[in-house]
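Colleague: Chains as they are written, first to last, in our numbering: chain Y, 1 to 138; chain F, 139 to 541.
Heads up, the beta-carbon is just placed ideally off N, CA and C, and yes, glycines get one too.
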Ligand SMILES: Cc1ncc(COP(=O)(O)O)c(C=O)c1O
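#1: Would you check if the distance between the CB atom of residue 347 of chain F and the CB atom of residue 370 of chain F is smaller than 8 Å?
#2: Taking the DSSP output, what are the residues bridged to residue 409 of chain F?
#3: Please list the partners that residue 137 of chain Y has in chain F, where partner means a Cβ-to-Cβ separation under 8 Å.
#4: Measuring alpha carbon to alpha carbon, tell me which of F/354, F/437, F/538 and F/368 ends up nearest residue 139 of chain F.
#5: Using a Cβ-Cβ cut-off of less than 9 Å, give me the residues of the stretch 464–486 of chain F that come near chain Y, in sequence order.
#6: Report the rounded CA-to-CA distance for residue 329 of chain F versus residue 373 of chain F, giving the unit in angstroms.
#7: For the alpha helix (DSSP H) containing residue 26 of chain Y, list its first residue and its last residue.
#8: For residue 29 of chain Y, which residues in chain F fall below 7 Å Cβ to Cβ?
#9: Tell me where the beta strand (DSSP E) around residue 251 of chain F begins and ends.
#10: Under 8 Å Cβ-Cβ, which residues of chain Y neighbour residue 612 of chain F?
#11: Using a Cβ-Cβ distance under 8 Å, would residue 495 of chain F count as near chain Y?
#12: Is the distance from the Cβ of residue 234 of chain F to the Cβ of residue 152 of chain F below 8 Å?
#13: For residue 450 of chain F, I'd like the list of residues in its chain whose CB is within less than 6 Å of its CB, leaving aside the five on either flank, ordered along the chain.
#14: Would you call the stretch 4–24 of chain Y in contact with the stretch 55–69 of chain Y, where contact means no fewer than 3 C-beta pairs closer than 8 Å?
#15: Between residue 404 of chain F and the rest of its own chain, which residues show a CB-CB distance below 8 Å, the 5 nearest in sequence each way excluded?
#16: Enumerate, from N- to C-terminal direction, the unbroken beta strand (DSSP E) stretches of 3 or more residues contained entirely within the stretch 275–312 of chain F.
#17: Given that residue 488 of chain F touches chain Y, what residues does it touch there, using C-beta distances under 9 Å?
#18: Going by beta carbon distance, what residues of the same chain come within less than 8 Å of residue 30 of chain Y, once the five residues before and after it are set aside?
#19: At least one CB of chain F closer than 8 Å to the CB of residue 78 of chain Y: is that the case?
#20: State the beta-bridge partners of residue 370 of chain F as determined by DSSP.
#21: Can you say whether residue 443 of chain F is buried or exposed, counting buried as having 16 or more other CB atoms within 10 angstroms of its CB?
#22: With the cut-off set at 8 Å, would you say residue 299 of chain F and residue 236 of chain F are in Cβ contact?
#23: Consult DSSP for residue 395 of chain F and reduce its assignment to one of helix, strand or coil.
#24: Report all residues from its chain with a CB closer than 7 Å to the CB of residue 214 of chain F; omit the five preceding and five following residues, and keep chain order.
#25: CB-CB under 7 Å to residue 493 of chain F, same chain, minus the five flanking residues each way: which ones, in chain order?
#26: Report the rounded CA-to-CA distance for residue 120 of chain F versus residue 293 of chain F, giving the unit in angstroms.
#27: Looking at residue 497 of chain F and ligand 1, is the gap between the Cβ and the nearest heavy atom below 7 Å?
#28: Exposed or buried, which one is residue 508 of chain F when buried takes at least 16 other CB atoms within 10 Å?
#29: Any chance the CB of residue 165 of chain F is under 7 Å from a heavy atom of ligand 1?
#30: Would residue 72 of chain Y count as contacting chain F if we go by Cβ distances under 8 Å?
#31: Thinking residue 500 of chain F and residue 350 of chain F are a contact (beta carbons under 8 Å), I'd like their distance in whole angstroms, please.
#32: Measuring straight from C-alpha to C-alpha, what distance separates residue 174 of chain F and residue 354 of chain F?
#33: Return the Cβ separation of residue 71 of chain Y and residue 48 of chain Y in integer angstroms, given the expectation that the two are a contact with Cβ distance under 8 Å.
#34: Hey, residue 314 of chain F and residue 305 of chain F: beta-carbon distance below 8 Å or not?
#35: Would you check whether ligand 1 has a heavy atom nearer than 7 Å to the C-beta of residue 230 of chain F?
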C-alpha cells in the first residue's frame, strides 16, 4: 500500500469516534501498547531524540531499497503516535517518506501532537525519520 | 475571606473554553493570568501616554517618565525597599545575569547554590565559574524538599563570595527560611553576598527585603499578574555602585565622548536602552491589585487550596507528592505511579485543565529524585476549590484511560 492509502485507512479507523476524544485517545493508547518493543540494544544515547519531555528512541534500517523503523517512547500517548507513523512509513521508499505530508494527523484530529512545542518530540521524530531515510538510501 | 467571584470577574481569560470545557488554569508557576486593571493600564498607556522616557522635554515624555518612575516607587514599597534600590530588568533571568556578570569578586571564588534551583539561578553562576576558575557548590536537600542548612555552613570557606538561593522552589513549592539562612551566612562571613530568587515568592507572600537583609532580590513581573518582559533587581543600598556594567548604552550617562563616559548613579545606569515601559506600568498596577486584595489574604486563600488539593490527591491510588507537606507556597508536584507526566498532562488538557509537566527547568532537582519530570499544579488568587474538584475528577478519568 502507498503512504496515502495507509493514511486513508487510518482516517477511516478513527472516523467511528467522531467527537468522542476519549474513545480516540483510548484507541491511540492501545496502539501505543501494541507497538513492538524496541530491542534494548537499540535504545542507545545515539538513537534517542533529545530535548523533549517524552523520550523517543528511533532505529532505522534499509532492506531491498525500502525503509524500516522500530521505535519506542516512555510516554504511551507519544508511543501511540509513533506507532501510527511507523505504520505509514514502514516498507516505503526514502523518496516517498521524505515527500509525505502526513495530512492524516490533522484529519484524525491529533494535529496538536505535531505542534512545534517540544513537548512530545513527535515533530522531531518525523524529521529524524525523513533524515534517516535519506541517509540510508544514499 | 476573599470574594472569589469578584476576583474571577477581573480576569477575562478565565471565560475561555478549552476543548469544550471551562478553562482551569493551574499553571501559575509558569506565568499568571492578568487582571483587567493590568490589561487596561497597558491599553491606556498606548492610547494616551506613550512616549520615550528620561529623554524628551515635551509633555508626553515628561508624563511617561513620571509614570515609569512612580512605578519604581510602587514596586519598591511593595517589597519594602527604597526607590533607588530598584533596577527594572526584563525578568528574573536577566536580573541574575546582571548580578553574576557584574560582581567584583576575585577569580577562583566559590559560589553556593542549592539542589532545587531553577536553571536561571544556576547557569549564570556556572558560566561565571567557568570563566573565572571558580567553584560552584551545592546545598543538598532532604527527601521532603527542605534544605540541609547545617551542610550550608560546612560549604562556606574563606573563598565563598556568593550564596544564590531561591526563596520558594518553583517545582516543589517549598519555602526556604531565607531570613535565618542569611543571618547564618553573614554571621560566618559578613562579606558573602546573598542573592535571593523571589520569582516564586513574590506572587504568593508578602516580602520585606529590608527585614530579610539580602543583598540582591530578583523577581519577574509576569508571575505576579503583570505583563511579560519586565522584572526587578533589588540591590541593597551601597552595593549598586560596586556592580560592574554588563551592558551599556543610551539612557545611562551624564556625558559621553569617544575618550570617556560619565555614567549616572543609581538604577538608571543599569537600564541601558529603552525599557519595556508599558510592562513596568502594568507591574505597578499588579502590585496595586495584589495590595487591594491584601497579600496576606492571597497567601491564606492559596494555602487553603494547597491543603485541599493535597488531601484530594493523596486519596488517589498511585499518586506520589514530592515534598508532601504544607509548609509551602501553592505549588504541588506529583507523579502517578506507572504513568508518564506527559501522558497525564495531555489528557488533563483535554478536560480543560492546564498544568505543567516536565522538569520545570530544575533538572538537578529531578536527578535528585531520580525522575524525568513531574506534574505540577500551581495556584493563584483567582483559583477556587471547585476547580480543584474538576482537576481531581479529570485526573481520575485520565488515569483510567491510561491504564
Ligand atoms: C524560581 C524561578 N527562578 C527563575 C525563573 C525564571 O524567570 P523568568 O523566565 O521570568 O526570567 C523562574 C521562572 O520559571 C522561577 O520559577
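Modeller: In this structure, then:
#1: Counted from its first residue, the second chain places residue 347 of chain F at position 209. Counted from its first residue, the second chain places residue 370 of chain F at position 232. Not in contact: residue 347 of chain F and residue 370 of chain F (Cβ atoms no closer than 8 Å).
#2: Locating residue 409 of chain F in the second chain gives position 271, where the first residue counts as 1. As far as DSSP is concerned, residue 409 of chain F takes part in no beta bridge.
#3: Taking the first chain and counting its residues from 1, the one referred to as residue 137 of chain Y is at position 137. Neighbours of residue 137 of chain Y on chain F: none; closest Cβ ~32 Å, over 8 Å.
#4: In the second chain, residue 139 of chain F corresponds to position 1, counting from 1. It is F/437.
#5: For the stretch 464–486 of chain F, which is checked against every Cβ of chain Y, the residues closer than 9 Å are 477, 478, 479, 480, 481, 483, 484 and 485.
#6: For the purposes of this step, residue 329 of chain F is taken as the residue at position 191 of the second chain. For the purposes of this step, residue 373 of chain F is taken as the residue at position 235 of the second chain. Distance between the alpha carbons of residue 329 of chain F and residue 373 of chain F is about 15 Å.
#7: Position 26 of the first chain, counting from 1, holds the residue named residue 26 of chain Y. Note, residue 26 of chain Y: alpha helix (DSSP H), 21–34.
#8: Position 29 of the first chain, counting from 1, holds the residue named residue 29 of chain Y. Residues of chain F passing the Cβ test: 539 and 540.
#9: Position 113 of the second chain holds residue 251 of chain F. Residue 251 of chain F -> beta strand (DSSP E) spans 248–252.
#10: Chain F is shown only over 139 to 541; residue 612 of chain F falls outside these bounds and no answer can be derived.
#11: Counting from 1 along the second chain, the entry for residue 495 of chain F is found at position 357. Closer than 8 Å to some Cβ of chain Y, the Cβ of residue 495 of chain F qualifies, so yes.
#12: As a working mapping, residue 234 of chain F is identified with position 96 in the second chain. As a working mapping, residue 152 of chain F is identified with position 14 in the second chain. The answer is no: Cβ separation not under 8 Å.
#13: Residue numbering aside, residue 450 of chain F sits at position 312 when the second chain is read from its first letter. Here the set comprises 530.
#14: no
#15: For the purposes of this step, residue 404 of chain F is identified with residue 266 of the second chain, where counting begins at 1. Result list for residue 404 of chain F: 222 and 378, in chain order.
#16: 298–304
#17: For this step, residue 488 of chain F is matched to residue 350 along the second chain. Chain Y residues near residue 488 of chain F: 21, 22 and 25.
#18: If you number the first chain from 1, residue 30 of chain Y lands on position 30. Setting aside the 5 residues that flank it on each side, residue 30 of chain Y is surrounded in the same chain by 80, each with a C-beta closer than 8 Å to its C-beta; the list follows chain order.
#19: Residue mapping note: residue 78 of chain Y aligns to position 78 of the first chain, counting from 1. Chain F contact via Cβ: present.
#20: Position 232 of the second chain holds residue 370 of chain F. Its beta-bridge partners are F/226 and F/357.
#21: Working through the second chain from its first residue, we reach residue 443 of chain F at position 305. Buried, by the Cβ-count rule.
#22: Counted from its first residue, the second chain places residue 299 of chain F at position 161. Counted from its first residue, the second chain places residue 236 of chain F at position 98. No, they are not a contact pair.
#23: Translated into positions along the second chain, residue 395 of chain F becomes position 257. The answer is coil: DSSP assigns residue 395 of chain F none of H, G, I, E or B.
#24: Residue mapping note: residue 214 of chain F aligns to position 76 of the second chain, counting from 1. Closer than 7 Å at the Cβ level, and outside the excluded window around residue 214 of chain F, lie 220, 221, 223 and 224.
#25: Start at 1 with the first residue of the second chain, and residue 493 of chain F comes out as number 355. So the qualifying residues of the chain are 164, 165, 483, 486, 513, 514 and 515.
#26: This structure gives no information on residue 120 of chain F, because the portion of chain F shown stretches from 139 to 541.
#27: Taking the second chain and counting its residues from 1, the one referred to as residue 497 of chain F is at position 359. Every heavy atom of ligand 1 is 7 Å or more from the Cβ of residue 497 of chain F, so no.
#28: The residue you call residue 508 of chain F lines up with position 370 of the second chain. Its Cβ having fewer than 16 others within 10 Å, residue 508 of chain F is exposed.
#29: Within the second chain, numbered from 1, the residue matching residue 165 of chain F stands at position 27. No, the Cβ of residue 165 of chain F stays beyond 7 Å of every heavy atom of ligand 1.
#30: On the first chain, residue 72 of chain Y is found 72 positions in, with the first residue counted as 1. Output row for residue 72 of chain Y: interface = no.
#31: Your numbering for residue 500 of chain F matches position 362 in the second chain. Your numbering for residue 350 of chain F matches position 212 in the second chain. So it is not a contact: roughly 23 Å between Cβ atoms.
#32: Translated into the one-based positions of the second chain, residue 174 of chain F becomes position 36. Translated into the one-based positions of the second chain, residue 354 of chain F becomes position 216. Between residue 174 of chain F and residue 354 of chain F, the C-alpha separation is close to 31 Å.
#33: The residue given as residue 71 of chain Y occupies position 71 in the first chain. The residue given as residue 48 of chain Y occupies position 48 in the first chain. Not really, about 11 Å apart at Cβ, beyond 8 Å.
#34: To locate residue 314 of chain F, count along the second chain from 1; it is residue 176. To locate residue 305 of chain F, count along the second chain from 1; it is residue 167. In this structure, residue 305 of chain F lies closer than 8 Å to residue 314 of chain F by Cβ.
#35: Stepping through the second chain from its first residue, residue 230 of chain F is reached at position 92. Result yes, Cβ under 7 Å from ligand 1.
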